[in-house]
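Protein chains in written order, with the working numbering: chain A, -5 to 160; chain B, -5 to 160. Ideal Cβ positions, reconstructed from N, Cα and C, are used throughout, including at glycine. Following: one structure in structure tokens, then a few remarks.
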DNA sequence: GTCCATGCAAACCTTTTGCACTATA
DNA sequence: TATAGTGCAAAAGGTTTGCATGGAC
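Written out as structure tokens, the structure is:
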């Protein structure tokens, strides 16, 4: 696990959110928050559980899921889905609050980037359709630099000749 | 189920793909392909099963999943994930082969759109990171025109005051 | 006749829920 | 002390797999 920013101020912020909602601030909730805020990664529930266990905590998965729901409600944490069959979570308190992802189909590495253009597209397309946008997700799938250098190829087995449309 | 384009030519195309791969062309595979090609919707496995049953077919879910794997391998069908907890499938043989989605958080309606800009972003960002892109996904979440007109609001319960970062 | 597909059920995996017990406030 | 949270295990929901049977070629 990579060293992250000091998580304590963010954990306090989460505590404040809980109090605002009239909910108890428990050790388990603080521990889950600390792991998520203390990591720069996109963490899965399994990874969060592993970090907690290695830190001496013994917190049930159900409690982790319930704490994550609250963190997402508080808007301090974002839920991500890269199509792996499970969700990942990341804190939203970094300098770049909204970002897009390049995802390597071979090694799973995720590279983050920002794009003002995407926001422009969001605004103009939404206007065209009478849509009121709240958030978006842009993911580009392919091969990362390292996998290209290692000679990895994305295997393709599609039809061998061009598609005749009707 | 909305009336779609004549699916037969596409089913034949799929049959050709199967023969190219040395795989049997079975009635079940053709039936699944016909449902997917015959619909303009993004179909879930349950919906596909329902259409098959109402058409007199009795095909097991496992077979549907296996047929869909082949359709995706053939590149004739795309797998979609709108974060609903299950996958959806759509044919890739329409006039607009690549498209993005506006997704209503209230009613689930999906509006499709195209954007040449997204392709430019894909190319330029990939170049910046030494990444070789194969595909992308842009999804904009929010409220559709009808839900706005119906007075629906996206409920937000985040922190009530601005986030103090450290 | 040889493979491979099918159907069914069981297994799997992530996530949710029920309930007795415990901690917060 | 009242209310809500926790842990465990069971349930749920979508998807995958094992295996005996049946169909494609």
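Check                                                                                                                                       : Outcome
Short CB-CB distance (under 8 Å) between residue 138 of chain A and chain B                                                                 : yes
For residue 138 of chain A, three-class secondary structure by DSSP                                                                         : coil
Contact belief for residue 85 of chain A with residue 71 of chain A at Cβ below 8 Å, rounded distance in angstroms                          : 6 Å
Residues that residue 124 of chain B contacts on chain A, provided the C-beta gap is smaller than 8 Å                                       : 138, 139 and 142
N-terminal and C-terminal residue of the alpha helix (DSSP H) that residue 144 of chain A is part of                                        : Careful: residue 144 of chain A lies outside any alpha helix (DSSP H) and carries neither H nor E.
Cβ shell of residue 0 of chain B (< 6 Å), same chain only, five flanking positions each side left out                                       : none
Sequence-distant residues of the same chain with beta carbon closer than 8 Å to residue 59 of chain B, five excluded per side               : 39
Status (buried if at least 16 other CB within 10 Å, exposed otherwise) for residue 80 of chain B                                            : exposed
9 Å Cβ cut-off: residues of chain A touching residue 31 of chain B                                                                          : Per Cβ cutoff of 9 Å: no residues; residue 31 of chain B is ~11 Å from chain A at best.
Exposure label - residue 25 of chain A; buried when at least 16 CB within 10 Å                                                              : buried
Straight-line Cα distance separating residue 23 of chain A from residue 162 of chain A                                                      : The requested residue 162 of chain A is not part of the displayed model; chain A covers only -5 to 160.
Beta-carbon contacts of residue 73 of chain A that lie in its chain and below 7 Å, excluding the five residues immediately before and after : 66, 81 and 83
Euclidean distance between Cα positions of residue 106 of chain B and residue 19 of chain B                                                 : 32 Å
Chain A within 8 Å of residue 99 of chain B, Cβ atoms only                                                                                  : yes
Below-8 Å beta-carbon distance, residue 77 of chain A vs any chain B residue                                                                : yes
7 Å Cβ cut-off: residues of chain A touching residue 57 of chain B                                                                          : Going along chain A, no residue has its Cβ under 7 Å from residue 57 of chain B, so there is no contact; the nearest lies around 20 Å.
Amino acids of chain B, ordered along the chain, whose beta-carbon sits closer than 8 Å to that of residue 130 of chain A                   : 132, 133, 134 and 135
Local conformation of residue 103 of chain B per DSSP, three classes                                                                        : coil
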